[in-house]
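Report on one structure; see the data block that follows.
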Amino acid sequence: MKLTLLVALFTLNLNLSLNAQEYPFQVEVSGKGEPILLFPGFACTGAVWNDVIKDLSKNYECHVFTFAGFGDVPAIESPWLAEIKDGVSKYIITKKLKEPTAIGHSLGGTLALWMASEKEYFSNIIIIDALASTGALMMPNFKSEFITYDNPYNAQLLKMDAEEFYAMAQQMAQGMTLNTEKREQIVDWMVQADRKTYINGYTDLLKLDLRETIATVKTPVTILAATQPYGEKTVKQTYQEQYKNLEDYTIKIAGKSAHFIMFDQPEWLSKEIKLAL
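Going by this note's numbering, the sequence shown opens with residue 1433, and the numbers climb by one from there.
Next up, the structure:
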């Protein structure tokens, strides 16, 4: 009897473990209605959407993602971003989600565009301060093939001790939000991230260049962009250049906001998401 019970418990735990590892992310679902997939930015957990889904979940079924290696979700092997993309595709098919809306912040927005450039997964895409090519913004004469995992900067990040990495995260968070109360949360997410995922995953993002391939995207896209630190004129020029090959898109600018618009202009963001929906 005891042996039978132990076998049953072992089988149950094994099944739970397999289910937990079925996708390279965790998803929390709330609300009822048409499905919306909410993808967080790099290193963030799904908690970045907490205030947003308070409203959205009243009328929509919200699927909030936390990607592998972030929060308490186990890390996966490289290529990280490609595995995430394939996992989301599998999730949509397995859960039989019909024409969901995708809302993505930063990396999450770029992910939605990448998926839409390969197949019409979504009925609507809302991207929040996300680019078709992050690498092109950061590097002159950018070419994807020049970005490698094995480089001095990545090696330096890998060697940092906890104190050094925390100091770097604090410095980076200063420019990510104007809301000083939220900066420590961003730092905590960065520090909590699996170090190799942080390094290789960001390299994946830098390598990804969708400026040409987004010409195949047929889904309407709403782009909600922040003004800081470059100013509205420069931001508009950057987005228009990056998205010139996108067929159907609208750009709206959030004044007095840095990268985390959900922290700096939550009411404006909520209003614009509702309008886009």
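The beta carbon of each residue, even a glycine, is placed where N, CA and C say it ideally should be.
Own chain partners of Y1598 with C-beta closer than 6 Å, once the 5 adjacent residues on each side are dropped: V1623
Opening and closing residue of the alpha helix (DSSP H) in which G1663 lies: Neither: G1663 is in no alpha helix (DSSP H) and is coded neither H nor E.
Any 3 or more C-beta pairs closer than 8 Å across the segment 1598 to 1613 and the segment 1480 to 1491: Segments in contact, no.
Extent of the continuous alpha helix (DSSP H) run through T1542: L1539 to E1550
DSSP-derived helix/strand/coil call for T1654: strand
Helix, strand or coil at T1629 [DSSP, three-state]: T1629 falls in the helix class under three-state DSSP.
Proximity of Y1581 and N1632 at Cβ, strictly below 7 Å: Yes, Cβ-Cβ distance for Y1581 and N1632 is below 7 Å.
Beta-carbon proximity of F1695 to T1609, cut-off 7 Å: yes
Local Cβ density within 10 Å of F1442, reported as buried at 16 or more and exposed below that: For F1442, the predicted structure reports a pLDDT of 36, less than 50, and the residue's modelled location is therefore unreliable. The matter cannot be settled from this model.
Whole-angstrom C-beta distance between A1690 and L1376, which should lie under 8 Å: Residue 1376 cannot be examined here, being either before or after the span of the chain that is shown, 1433 to 1709.
Whole-angstrom distance between P1467 and P1511, CA atom to CA atom: 28 Å
Inter-stretch contact at 8 Å, needing at least 3 Cβ pairs: the segment 1558 to 1565 / the segment 1533 to 1545: yes
C1494 - partner residues in DSSP beta bridges: S1462 and I1468
Straight-line gap, S1555 to D1518 (C-alpha atoms, nearest Å): 19 Å
Proximity of T1566 and L1637 at Cβ, strictly below 7 Å: Contact: yes.
Alpha carbon of K1688 to alpha carbon of K1528, nearest angstrom: 39 Å
For F1499 and P1456, believed in contact at Cβ under 8 Å, the rounded distance: Indeed they touch by this definition, with Cβ atoms about 7 Å apart.
7 Å CB neighbourhood of I1524 in its chain, flanking five on each side removed: P1532 and Y1553
Cross-strand partners of T1682 (DSSP beta bridge): T1654
Alpha-carbon to alpha-carbon, K1490 and P1652: Within the model, the alpha-carbon separation for P1652 versus K1490 is close to 24 Å.
Alpha-carbon to alpha-carbon, T1526 and F1682: Correcting the residue identity first, residue 1682 is Thr in this sequence and not Phe. The alpha-carbon of T1682 is positioned some 31 Å away from that of T1526.
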